[in-house]
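Student: Residue numbers (the working numbering): 532 to 1061. Glycine included, every Cβ here is placed at the ideal spot set by N, Cα and C. This structure is a prediction, so every number in the text was calculated from the model and none was measured. To start, I am sharing the structure in question, which I have written as structure tokens.
As structure tokens, then:
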């Protein structure tokens, strides 16, 4: 008997010590004694019942943020508003390190504590990620002394997969579950109730497969989850638009084209849009300064994870120069060629077609991209019209990428164009070049800053797309979109084939390529002819 009493005293002492330590190291300090009255509780609960930001200010004090507290930005206010729209899917594409996940954890805590809902879930690509988010929300509810005082509750079940509790005086229990791609929301019910709110985070990451097939499958997972919710349920999807083939980019494009279900809304927030998105935390005066504050690894990461503009990782052939050489006035002695690798895409939404008007000036010994296109076409006549628009008085020929099928098809397209317009089309020369072998010739010119980009195209969609494809080019085997580098590399070769590389003395310089077996590279040796 005495032994049992001793063990009981030891257990009580240990419990009191743990409680004291938990209180001492609690992320939020309890209310002062003066605010522990019944009237104070009622005032706080009434103030925060329909106002999340009042709840946030009362129960999540600045001292709980280990990296320091910053006032919420306008986009945080908008996120709270759209998360209260019933019977909808709200897709939020926002930059990393901007507090969207943290805010939604607190928002879901508010919904559960104020009994605005009793059944919610967390969905991620993997179950461990969803469990971590669930655990964080459970900790916010169960270890916050302020919430525990104003919203006393009884924990019914608390494990890695769910949190179930009953608030004092509540008629229904509240439940939070973890879901993943492998654990479906379908069939998740609580008696006659379905999930009323679903927070989706990290449904796809840089480790996810971003093939079109897998992206569409993830879309089906989200659709099934939404259709498994209550009739007035809300699903909030947090993500980054980091890849052209990702689900987030697919949904964004469908929303912009007006073909996405009206219940699905896409909201895009850029870290920098003439000013910082969260100036209260990142008071940068320029985009470069903000990029340094956020620690973006490279241009691809900055554009994808922070600007919501999916850009492939840089290749190793065309470098991002510290200052891109541009021109605004073309030298009078420029002579050049046009080169195009034609593609037709269904509805003009598939593979791009790039064409470049490329010339050389002997007086400056530089190359000039006079004009360019880089977009999708679905109509052959429209593509031919656009290439013809690139033609100038100083252009000597038009090169066309060709193989047996390409030549026959496009010869017929050109004949049809002539019949429709009752005009002759300029002479087209078909060429078949090995782009990988010829890439070094243009690589040297570009990295030396001897190829000048048109200043008028810097801010156009064609120009941005052209540069993006150049920077990401890593050879044909890399399998990336390479229409722009193909056109530029082939245009340079065609220009030299036509002996348009001429100096002041009238000598013509051509590059003769030799294969070096020692270093397995193509060596370009200049030769001059009178």
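Run the CB neighbour count on residue 706, radius 10 Å, all protein chains shown included, and call it buried at 16 or more, exposed below.
Tutor: The count along the chain shown starts at 1 and reaches residue 706 at position 175. Classification of residue 706: buried, given that the 10 Å Cβ count is 16 or more.
Student: I need the DSSP call for residue 836, collapsed to helix, strand or coil.
Tutor: In the chain shown, residue 836 corresponds to position 305, counting from 1. Residue 836 falls in the helix class under three-state DSSP.
Student: Helix, strand or coil for residue 683 per DSSP?
Tutor: Translated into the one-based positions of the chain shown, residue 683 becomes position 152. Three-state DSSP puts residue 683 in coil, outside helix and strand.
Student: Please report the Cβ distance between residue 859 and residue 986, rounded to the nearest whole angstrom; I am assuming they are in contact, meaning their Cβ atoms lie under 8 Å.
Tutor: By 1-based counting over the chain shown, the position of residue 859 is 328. By 1-based counting over the chain shown, the position of residue 986 is 455. So it is a contact: roughly 5 Å between Cβ atoms.
Student: Tell me the rounded alpha-carbon separation between residue 988 and residue 971.
Tutor: Here residue 988 refers to the residue found at position 457 of the chain shown. Here residue 971 refers to the residue found at position 440 of the chain shown. Answer to the nearest angstrom: the Cα atoms are 25 Å apart.
Student: What are the uninterrupted segments assigned as alpha helix (DSSP H) that are 4 or more residues long and contained completely in the segment 896–963, given in chain order?
Tutor: 911–921, 935–952
Student: Just the C-alpha distance for residue 947 and residue 977, rounded to the nearest angstrom, thanks.
Tutor: On the chain shown, residue 947 is found 416 positions in, with the first residue counted as 1. On the chain shown, residue 977 is found 446 positions in, with the first residue counted as 1. Computed Cα separation, rounded: 38 Å.
Student: Helix, strand or coil for residue 854? Go by DSSP, reduced to three states.
Tutor: One-based indexing of the chain shown puts residue 854 at position 323. Coil, per DSSP.
Student: Which runs of the alpha helix (DSSP H) spanning at least 4 residues fall entirely within the segment 746–812, listed in chain order?
Tutor: 778–788
Student: Should residue 903 and residue 887 be called a contact, given that it needs their Cβ atoms to be closer than 8 Å?
Tutor: On the chain shown, residue 903 is found 372 positions in, with the first residue counted as 1. On the chain shown, residue 887 is found 356 positions in, with the first residue counted as 1. Cβ atoms of residue 903 and residue 887: closer than 8 Å.
Student: Where does the unbroken alpha helix (DSSP H) through residue 1000 begin, and where does it stop?
Tutor: Taking the first residue of the chain shown as position 1, residue 1000 is located at position 469. 992–1003 is the span of the alpha helix (DSSP H), which, as asked, contains residue 1000.
Student: Please state the DSSP three-state secondary structure of residue 593.
Tutor: Here residue 593 refers to the residue found at position 62 of the chain shown. Helix at residue 593.
Student: In chain order, which alpha helix (DSSP H) runs of at least 4 residues are fully inside the segment 616–669?
Tutor: 631–644
Student: Which value, in whole angstroms, describes the spacing of the CA atoms of residue 781 and residue 632?
Tutor: Stepping through the chain shown from its first residue, residue 781 is reached at position 250. Stepping through the chain shown from its first residue, residue 632 is reached at position 101. Going by the C-alpha atoms only, they are around 22 Å apart.
Student: Since residue 601 is in the beta strand (DSSP E), which residue starts that stretch and which ends it?
Tutor: As a working note, residue 601 is residue 70 in the chain shown. Note, residue 601: premise wrong, no beta strand (DSSP E); not H, not E.
Student: Have a look at residue 810 and residue 604 and give me their C-alpha separation to the nearest angstrom.
Tutor: Position 279 of the chain shown holds residue 810. Position 73 of the chain shown holds residue 604. Taking the straight line from one Cα to the other gives about 7 Å.
Student: Residue 756 and residue 487 - do their beta-carbons sit closer together than 8 Å?
Tutor: One cannot answer for residue 487 here, as it falls past the ends of the chain, which runs 532 to 1061.
Student: Opposite residue 731 in the DSSP bridges: which residues?
Tutor: What you label residue 731 is simply residue 200 of the chain shown in a count that begins at 1. Residue 731 pairs with 654, 768.
Student: Please return the same chain residues whose Cβ sits closer than 7 Å to the Cβ of residue 552, not counting the five positions on each side in sequence.
Tutor: Within the chain shown, numbered from 1, the residue matching residue 552 stands at position 21. Here residue 552 scores only 40 on pLDDT, less than 50, and its place in the model is too uncertain to base an answer on.
Student: Report back the beta-carbon spacing between residue 928 and residue 906 to the nearest angstrom; my notes put them in contact at under 8 Å.
Tutor: In the chain shown, the residue the question calls residue 928 occupies position 397. In the chain shown, the residue the question calls residue 906 occupies position 375. Going by Cβ atoms, the distance from residue 928 to residue 906 rounds to 23 Å, so no, they are not a contact pair.
Student: Could you tell me the boundaries of the alpha helix (DSSP H) in which residue 1020 lies?
Tutor: Here residue 1020 refers to the residue found at position 489 of the chain shown. 1014–1028 is the extent of the alpha helix (DSSP H) around residue 1020.
Student: Can you list, in chain order, the residues of its chain whose CB lies under 6 Å from that of residue 686, leaving out five sequence neighbours each side?
Tutor: Taking the first residue of the chain shown as 1, we reach residue 686 at position 155. If we look at residue 686 and ignore the five residues flanking it on each side, its Cβ neighbours are 696.
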